[in-house]
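So in the UniProt record's numbering, the last one in the sequence shown is 324, and the numbering has no gaps at all. Below is one structure, written out as structure tokens, with a few remarks after it.
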Amino acid sequence: MSPEIVVLDGYTENPGDLSWGELEKLGALKVYDRTSLTDEDEAIARIGGAEIVLTNKTPITKRVIDACPNVKFIAMLATGYNVVDAAYAKERGIPLSNVPAYGTASVSQFSIALLLELCHRIGLHDQTVHEGRWERCADFCYWETPQIELDGKTIGIIGFGRIGQREGAIARAMGMNVLAYDLYPNDSGRQIAEYVDLDALLARSDAITLHCNLTSENAGLICKNTIAKMKDGVLIVNNARGQLVNERDLADALNSGKVGGAALDVVSSEPIRGDNPLLSAKNCVITPHISWASLESRRRIMECTLSNVKAYLEGRPVNVVNGL
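See below:
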């Protein structure tokens, strides 16, 4: 008998430009565009008697797992898996697999794009041209913000895995000096960057980007205390996890000028809340968590998830992140 497979939140992965067809061949497939992030009962009802559950952002908590005893395998449509109670899934003997490397090119490219946006504010200048500012200008050019050249400046990358190293290579090609902080330095990283401790990175960097996983130890890493150790006018880019940043502290630093600009593709609560202090902070660029979302990246997610499900069905789960 074919296993029942449920996708809890498939729309962001596949809004219609990809196909679930190959996954459908593996079992009785139900795909939901969205499932409530807060109503566990909805997730429980939709999972029902399914054996295999796929999720991106829909939480699979202890209560959900207990209420769905037929679940034998959970597959993330993402790299991060903090929405699943991984430890309890392990206790119940349920492997949890992720997609480890789908977005290296897209996310690093987007991170550099955010940094360049802070340097040139291209969107702002495009807007002023369309509003008629250039047409009325007495000179052949104008700029609303300081234009910043990155050649010779220092970028500090916190989290120097695949994405951080790809970004570091791009930054080096642009003439930047590259510093890296990572708990596990490696030889490939040493070919790109100088590994330093966190305090040295904070003190020496003209721009700081975040590419580390979110843990209980580093939540709120960018805060009043760490910002105080940074250069005046530092640029900060985050397209890792929003909870790495204390948003009130960052907003205060932007408004005071201590931080010269911040570009964020992630925030602590998504979708963003209207009372997020960064929405009204000076020199803050925010995009709606899209650095991962190129067609190429999403296709890799689909392909890897399909492989993860096949491997489970063959009795040899791969990319398992909860120790089973």
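Positions of the beta carbon are idealized from the N, C-alpha and C atoms, including for glycine.
Compare the beta carbon distance of residue i and residue j with 9 Å and say whether it is the shorter of the two.
i: V245; j: S268; result: yes
i: L264; j: A207; result: no
i: P146; j: N319; result: no
i: S97; j: I74; result: yes
i: L118; j: I148; result: yes
i: I157; j: T209; result: yes
i: P277; j: A251; result: yes
According to the neighbour-count rule (16 or more other Cβ atoms, all chains shown, within 10 Å of its Cβ), is residue i buried or exposed?
i: G161; result: buried
i: Y181; result: buried
i: R241; result: buried
i: A87; result: exposed
i: Q191; result: exposed
i: E144; result: exposed
i: P271; result: exposed
i: P59; result: buried
i: R166; result: buried
i: F110; result: buried
i: S108; result: buried
i: L23; result: buried
i: P95; result: buried
i: Y11; result: exposed
i: A138; result: exposed
In three-state terms, what does DSSP make of residue i?
i: G27; result: coil
i: I44; result: helix
i: Y312; result: helix
i: V285; result: strand
i: T209; result: strand
i: L114; result: helix
i: A193; result: coil
i: G168; result: helix
i: L18; result: coil
i: I158; result: strand
Could you round the C-beta distance between residue i and residue j to whole angstroms and report it? I think they count as a contact, below 8 Å.
i: L295; j: D17; result: 6 Å
i: A262; j: I301; result: That pair is no contact at about 28 Å.
i: R46; j: L8; result: 6 Å
i: G27; j: I5; result: 4 Å
i: S205; j: T154; result: 5 Å
i: G49; j: N70; result: 5 Å
i: M176; j: L202; result: Rounded, the Cβ-Cβ distance is 17 Å, inconsistent with contact.
Along the chain, which unbroken stretches of the beta strand (DSSP E) at least 3 residues long are found entirely within the stretch 243 to 283? Counting whole runs of 3 or more residues, the stretch 243 to 283 contains the beta strand (DSSP E) stretches 259 to 264.
Sequence ranges, alpha helix (DSSP H) only - wholly within the stretch 121 to 148, length at least 4: Those alpha helix (DSSP H) runs which fall completely within the stretch 121 to 148 and span 4+ residues are 122 to 130.
Suppose only complete runs of 4+ residues qualify. What are the alpha helix (DSSP H) ranges in the stretch 35 to 95, listed by chain order? If we require 4 residues or more, the alpha helix (DSSP H) runs fully inside the stretch 35 to 95 come out as 40 to 47, 62 to 67 and 86 to 91.
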